[in-house]
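Asks: First residue of the sequence shown: 40, per this note's numbering; consecutive thereafter.
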Amino acid sequence: MRVLVMGGTHHVGRAVVEVALQRGDTVTTLNRGHSRPPAPGVEALVADRTDPGAVRQALGDRSWDAVIDTWAWAPSVVRDSARLLAGRAEHYGYVSSRAVYAWPWPAGADESAPLVAGDPGSQDATDYAAAKRGGELAVLEAFGEHALLARAGMILGPYEDVGRIPWWLRRLERGGPVLAPGPADAALQYIDAIDLAAWMLTAAERGTDGAFNLAGPAGHTTIGELLATASQVIGSEAELVWAPAELLERENFPLGMEFGLRYPGNPCPTGLHDADVSAALAAGLALRPLRDTLADTWAWLQREGDPAPRPDVPSPAQWFDPAQEQHVLTLVRSRRGT
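#1: Measure the C-alpha to C-alpha separation of ALA337 and ASP200 and round it to an integer number of angstroms.
#2: Give the straight-line distance between the Cα atoms of MET296 and LEU266, rounded to the nearest whole angstrom.
#3: Tell whether a beta-carbon distance below 7 Å holds between GLY202 and THR109.
#4: Please classify VAL94: does DSSP put it in a helix, a strand, or coil?
#5: Thinking C-beta only, is ALA282 closer than 7 Å to GLY221?
#6: According to DSSP, is ARG53 helix, strand or coil?
#7: Give, in chain order, every unbroken run of the alpha helix (DSSP H) that is at least 4 residues long and sits entirely within the region 286 to 360.
#8: With SER270 as the anchor, note down where its alpha helix (DSSP H) starts and where it stops.
#9: Taking the straight line between their C-alpha atoms, what separation do you get for THR65 and VAL316?
#10: Does the beta-carbon of THR165 have 16 or more other beta-carbons within 10 angstroms, so that it is buried, or is it exposed?
#11: Where does ASP119 fall in DSSP's three states?
#12: Just tell me which of ALA318, TYR140, SER373 has its CA closest to the CA of ALA170.
#13: Check each candidate in ASP158, PRO303, LEU154 and name the one with the smallest Cα separation from ALA113.
#14: State buried or exposed for GLU175, treating a residue as buried only when at least 16 other CB atoms are found within 10 Å of its CB.
#15: ILE233 to ALA138, Cα distance in whole Å?
#16: Do you know whose CA, among VAL44, HIS49, MET40, ARG88, lies nearest PRO394's CA?
#17: Go ahead and label HIS73 buried or exposed: buried means 16 or more other beta carbons lie within 10 angstroms of its beta carbon, across all protein chains shown.
#18: Restricting to runs no shorter than 4 residues, where is the alpha helix (DSSP H) found entirely within the region 100 to 147?
#19: Taking the straight line between their C-alpha atoms, what separation do you get for VAL117 and ILE262?
#20: Given a cut-off of 7 Å on the beta-carbon distance, is the pair LEU333 and THR260 in contact?
#21: Would SER102 be called buried (16 or more neighbouring beta carbons within 10 Å of its own) or exposed?
#22: To which residues of the same chain is VAL58 closer than 8 Å at the C-beta, ignoring the five residues directly before and after it?
#23: For the beta strand (DSSP E) holding THR241, just list the boundary residues, first then last.
#24: Under a three-way DSSP split, which group does ARG203 fall into?
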């Protein structure tokens with residue numbers, strides 16, 4: 040296919056470019072050109088997406104088979120891009136989020152769960168959920184039945200710039216007793232950025248449209264399996280010391296929130312890691328083994344170093360207090376009598 044990636048330099052966008060090139064697609068990217076040079080073989084268009092005139096000029100009179108858009112801020116930017124590309128692309132895939140569902144998320148919910156309100160013309164990006172829903176509405180407005188809304192769960196894998204797995208790999212690398220957010224058998228749902236990219240590109244090729252929850256099936260893995268596998272991948276002998284969610288809550292220690300295992304005032308929220316993803320699985324979603332996700336993330340960190348902190352999504356590196364970790368470790372061990 041001829042694929043236009045709106046973005047293409049960070050996390051999911053970078054994964055989309057990588058997978059598309061591996062598939063043999065002809066890839067064009069559109070971004071500001073500030074973050075990193077384009078991958079070999081990519082046609083790079085340069086424009087600030089918040090400037091519709093600059094985007095129009097950069098796009099020229101080109102057309103594409105599919106557009107993949109990863110924008111996560113003001114919905115009006117998605118609206119402007121989608122309007123410009125209507126009639127010039129056969130498919131518009133938007134990387135949305137499960138955040139578009141109204142909180143609290145029902146346990147086992149599918150794509151019919153209640154949604155937050157969104158405005159496709161909004162220039163406000165402060166409410167992530169509303170912004171993503173606004174982006175969805177903008178794509179639907181311009182592309183209708185040729186729109187794909189990929190409501191991703193927690194996105195892990197190489198190029199992750201949120202700081203979840205990169206931080207944990209570095210913490211395990213340091214070794215010693217490592218405080219872990221219990222219980223170890225708490226279920227996790229996630230989607231590897233590579234798997235997300237591959238599914239969206241295949242969906243575009245097949246003409247798949249509509250809204251889909253994108254994550255592994257409920258029970259696919261646990262926090263215990265993730266951290267144990269991460270230790271194996273990097274060769275760490277760190278001791279995982281599991282702290283109950285109630286203790287972390289009482290001590291006001293955010294550990295576990297980076298994985299959506301709990302929220303302030305609600306140690307064990309429901310619906311975060313048990314979404315119904317049967318529609319995506321039926322539509323061809325394939326999942327790489329957890330070990331591959333973690334190994335690829337570790338290889339990327341070794342090759343390129345840690346990603347720069349994001350001001351809008353504070354990672355554990357920005358709030359983690361080693362002294363508080365030691366304090367909670369002492370409390371856990373005292374409860375065990377060790």
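Beta carbons are placed, not taken as given, at the ideal position from N, Cα and C, and that holds for glycine.
Replies: According to the structure shown:
#1: One point to set straight first is that residue 337 is Trp, not Ala, in the sequence displayed. Each residue's Cα considered, the two are about 13 Å apart.
#2: 15 Å
#3: No, the pair does not count as a contact, with Cβ atoms beyond the cut-off.
#4: Looking at VAL94 - three-state DSSP - the assignment turns out to be helix.
#5: yes
#6: helix
#7: 317 to 321, 329 to 343, 355 to 358
#8: 262 to 273
#9: 30 Å
#10: exposed
#11: The answer is helix: DSSP assigns ASP119 an H, G or I state.
#12: TYR140
#13: When only C-alpha atoms are compared, the closest one is ASP158.
#14: buried
#15: 20 Å
#16: Absent from the structure is residue 394, since the part of the chain shown begins at 40 and ends at 377.
#17: Here HIS73 is exposed: its Cβ has fewer than 16 other Cβ atoms, across all protein chains shown, within 10 Å.
#18: 114 to 124
#19: 34 Å
#20: It is not a contact, given that the beta carbons lie outside the stated cut-off.
#21: exposed
#22: ILE233, ALA236, ALA237, LEU240
#23: Looking at the DSSP string, THR241 is not in any beta strand (DSSP E); the run it does join, the alpha helix (DSSP H), is 232 to 245.
#24: helix
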